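Q: Input: one structure, supplied below.
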Amino acid sequence: MVINLSFWNREILKIAIIEAFLKLSPRYQIRNPVIFTVFISSILTTGLFIQALLGKGETSAGFILSIAIWLWFTVIFANFAEAIAEGRGKAQALALRKSRREILAKKIFQVNRNAKVTLVPSANLKIDDIVLVEAGDFIPSDGEVVEGIASVNESAITGESAPVIRESGSDRNTVTGGTQVISDWLIVRITANPGNTFLDHMIALVEGAKRQKTPNELALTILLAALTIVFLLVCSTLLPFSYYSSHATNQGTVVAITVLIALFVCLAPTTIGGLLSAIGIAGMDRMVQANVIALSGRAVEAAGDVDILLLDKTGTITLGNRQATEFFPAEGVSIEKLADAAQLASLADETPEGRSIVILAKEKYGLRGRDIKELGATFIPFTAQTRMSGANLPGRQIRKGAEQSIDEYIKQMGGTMPVSIRKIVENIARQGGTPLVVAEESKVLGVIHLKDIVKGGIRERFSDLRQMGISTIMVTGDNPLTAAAIAAEAGVDDFLANAKPEDKLKLIRRLQNEGHLVAMTGDGTNDAPALAQADVAVAMNTGTQAAKEAGNLVDLDSNPTKLVEIVEIGKQLLMTRGSITTFSIANDVAKYFAIIPAAFASTYPALNQLNVMHLATPQSAILSAVIFNALIIIFLIPLALRGIVYRRVSAIKLLRNNVLLYGLGGLIIPFVGIKLIDIILGLL
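Going by my numbering, the first residue of the sequence shown is number 1199, and it counts up by one from there.
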């Protein structure tokens, strides 16, 4: 779902310009207190201009008109910044809408591939309907695979070109509407009503206009509003002060209302006020670019402060299903004979573990597929009671299963479990694996090593998280031995074994009470309570519906280490907002030196000493400051949307760099900018 949108995309620009003017409605402007005061100031100066045209103006009509025009531009530029941020989200939403298809679904009324098919429009499907999807078909709606295994192309949703396996009875049983089956077939139970699919949610969420303000953003908005009120009160008191001073000293003139309005607009935090919403929208937009859907703006912010990450083991740290990795033959038994028996016992085993045994025997020992009918075999399915499965062939009885179950079986057949086999079983269990013993009649042939496969590259990513100051804790229902082995291989900092859903929840609450900000990634229904409690909850797209609904971020790539990018985006959002706020406050200093002498030097000549920029005239000084105040919003839009580049350095160094670059830059740039504008105005 990655959509490359260049910053100055022509279509987005065109729409943003129109939106910038449409947003001039008072009902819209009042949502942003800072810009609303500029909006009111623009109306007042426009009124003063009309008054000056009628011959009753406080100063020249041309000067008032110039101030009014640039105040209107300030409001329009602020609207434009927000509109262009929203436009990028809307463009992504439009691309997603185009990917949505009207599909004729093959509805069936029983879980059977050969059941009678009724073709119905996908829009008519409801929760719990059952559909058949075959090779070449598009999956009509979100659902869960109840039978079958197939390769699915999910590039329309995730942007990944490589197909993925979706199958029943595993953690990879969730499918998304609009994706395409490219091999085999699936029977899918629909889990979403029309208009409420995952794609519908994505479309709504990537549209920046629907984004709610986060708590930190609301707090900053309140702070900016408070500063605006303070400057409004200060500038309001300057009119009576000027009136009194000019009459008391018998020199100078009373400061014009237009000048006071210009002073107020320049001193109010208009820069950050105009860009605040765009910064927030852009943060969520960057999440989308990373293939992460943010269900909450708060989660994006909180990600920047996370210091502990909890990860579910199965499907998150490991691939999700145990895989056969090695055969250990008993004394006097060839490994080829063990592999042959293990494969025969697993031919009808449709579990991922059973299929992995067949594949291991085929790839490592050249045992190709066999015709089940020709074998004349009767297959014994696995049950929770017997804890073993197998096959009865002419003259052969093969069983595979847990050590205790096979031990009881061979005792009934008159055999005994060799001591060497028990030692192999113990070694596999100590390494965190699952041993399956294979026997033929009363003789034990050997042991199959089933192992949780740790996802590639995950150890390096956990190291990256550690460098960012984030500790990792693996939570699993496995026993401590297995958990310790997987934790060591994956490189996590700590683990919680024998973890039930309530244990995960209790751990998160304890960490939060200790002052930590906790993130969790998970994909199972049993992860849902903990995901709901975590400050940042990253649900895997391959996970269950319950997990996705409990999370506040959904990773379309289902990569548990995606938290590295998520944290960087969160930090980038906080840094961008802080940097532009620092710059906005710092550049007020230059405006003091521009407007204060221009406004009051005629009454108090000593104030001319503050005209360090040697601006040409009082009117030119005031107009230069107002123009700079408007233009700086435009120049900062790329920074607001792209964000500050995050580098993995200490918080102290980060703060120092921020203050030096944006604090010092905020002091120097306005002096240079205002002086250049003054020179240009003089030439004009």
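No residue lacks a Cβ here, since even glycine has one placed at the ideal position from N, Cα and C.
Since this is a predicted model, take the numbers as computed values, not measurements.
The beta strand (DSSP E) with residue 1682 in it runs from where to where?
A: Element bounds for residue 1682: not the beta strand (DSSP E) but the alpha helix (DSSP H), 1678 to 1688.
Q: Roughly how many angstroms lie between the CA atoms of residue 1382 and residue 1693, to the nearest whole one?
A: Rounded to the nearest angstrom, the two C-alpha atoms are 39 angstroms apart.
Q: Taking contact to mean 3 or more Cβ pairs, one atom from each stretch, closer than 8 angstroms, check whether the region 1818 to 1830 and the region 1864 to 1880 are in contact.
A: A contact exists between the region 1818 to 1830 and the region 1864 to 1880.
Q: Do you know whose CA, among 1800, 1736, 1748 and 1802, lies nearest residue 1489's CA?
A: For the residues 1800, 1736, 1748 and 1802, the minimum Cα distance to residue 1489 belongs to 1736.
Q: For residue 1751, list the residues DSSP reports as bridge partners.
A: Paired residue(s): 1492 and 1736.
Q: What is the residue span of the alpha helix (DSSP H) that residue 1770 lies within?
A: That run of the alpha helix (DSSP H) goes 1761 to 1784.
Q: On a Cα-Cα basis, can you pick out the residue from 1782, 1633 and 1625 that is closest to residue 1602?
A: If we check each option's Cα against that of residue 1602, 1633 comes out closest.
Q: Whose C-beta lies closer than 7 angstroms to the C-beta of residue 1352 among residues of the same chain, with five residues either side of it excluded?
A: So the qualifying residues of the chain are 1358, 1362, 1374 and 1377.
Q: Could you check where the beta strand (DSSP E) with residue 1891 kicks off and where it finishes?
A: In the structure displayed, the chain extends from 1199 to 1882; residue 1891 sits before or after that span and is not available.
Q: Using a threshold of 9 angstroms, state whether the C-beta atoms of residue 1889 and residue 1637 are closer than that.
A: A question about residue 1889 goes unanswered here, because the residues of the chain that appear run from 1199 up to 1882.
Q: Is the number of C-beta pairs between the region 1803 to 1820 and the region 1532 to 1546 that are closer than 8 angstroms three or more?
A: No: fewer than three Cβ pairs fall under 8 angstroms.
Q: Output the boundary residues of the beta strand (DSSP E) element that contains residue 1304.
A: Looking at the DSSP string, the run of the beta strand (DSSP E) that includes residue 1304 is 1302 to 1306.
Q: Is it the case that the region 1781 to 1801 contacts the region 1679 to 1686, given that we only count it when at least three CB pairs across the two stretches are under 8 angstroms?
A: Contact fails: fewer than three Cβ-Cβ distances are below 8 angstroms.
Q: Helix, strand or coil for residue 1348, going by three-state DSSP, please let me know.
A: The answer is strand: DSSP assigns residue 1348 an E or B state.
Q: Where does residue 1693 fall in DSSP's three states?
A: If DSSP states are grouped into helix, strand and coil, residue 1693 belongs with the strands.
Q: Considering only residues of the same chain and omitting the five flanking positions on each side of residue 1687, which have a CB-CB separation below 7 angstroms?
A: Cβ within range, chain order: 1652.
Q: Within a Cβ cutoff of 7 angstroms, which residues of the same chain sit near residue 1414, ignoring the five residues on either side of it in sequence?
A: Excluding residues within five positions, the ones whose Cβ falls inside 7 angstroms are 1499.
Q: Go through its chain and collect everything with a Cβ distance to residue 1475's Cβ below 6 angstroms, but skip five positions before and after it.
A: Closer than 6 angstroms at the Cβ level, and outside the excluded window around residue 1475, lie 1280.
Q: Between which two residues does the beta strand (DSSP E) containing residue 1598 stretch?
A: First-last of the beta strand (DSSP E) with residue 1598: 1594 to 1599.
Q: When DSSP builds the beta bridges, which residues end up paired with residue 1209?
A: According to DSSP, residue 1209 bridges with nothing at all.
Q: Which of the three DSSP states is assigned to residue 1586 in this structure?
A: DSSP places residue 1586 in strand when its eight states are reduced to three.
Q: Between which two residues does the beta strand (DSSP E) containing residue 1719 stretch?
A: That run of the beta strand (DSSP E) goes 1716 to 1720.
Q: In the DSSP assignment, find the beta strand (DSSP E) that holds residue 1560 and state where it starts and stops.
A: Note, residue 1560: premise wrong, no beta strand (DSSP E); alpha helix (DSSP H) at 1550 to 1563.
Q: Is residue 1712 helix, strand or coil when you go by DSSP?
A: Three-state DSSP puts residue 1712 in coil, outside helix and strand.
Q: Assuming residue 1269 contacts residue 1256 (C-beta within less than 8 angstroms), just tell me the rounded distance between them.
A: Contact flag wrong, Cβ pair sits at about 16 angstroms.
Q: Quick check: the Cα distance between residue 1663 and residue 1670, rounded to an integer number of angstroms?
A: Distance between the alpha carbons of residue 1663 and residue 1670: 8 angstroms.
Q: Using the rule of at least 16 other Cβ atoms within 10 Å of the residue's Cβ for burial, across every protein chain shown, is residue 1605 buried or exposed?
A: Looking at its Cβ environment, which holds 16 or more other Cβ atoms inside 10 Å, residue 1605 is buried.
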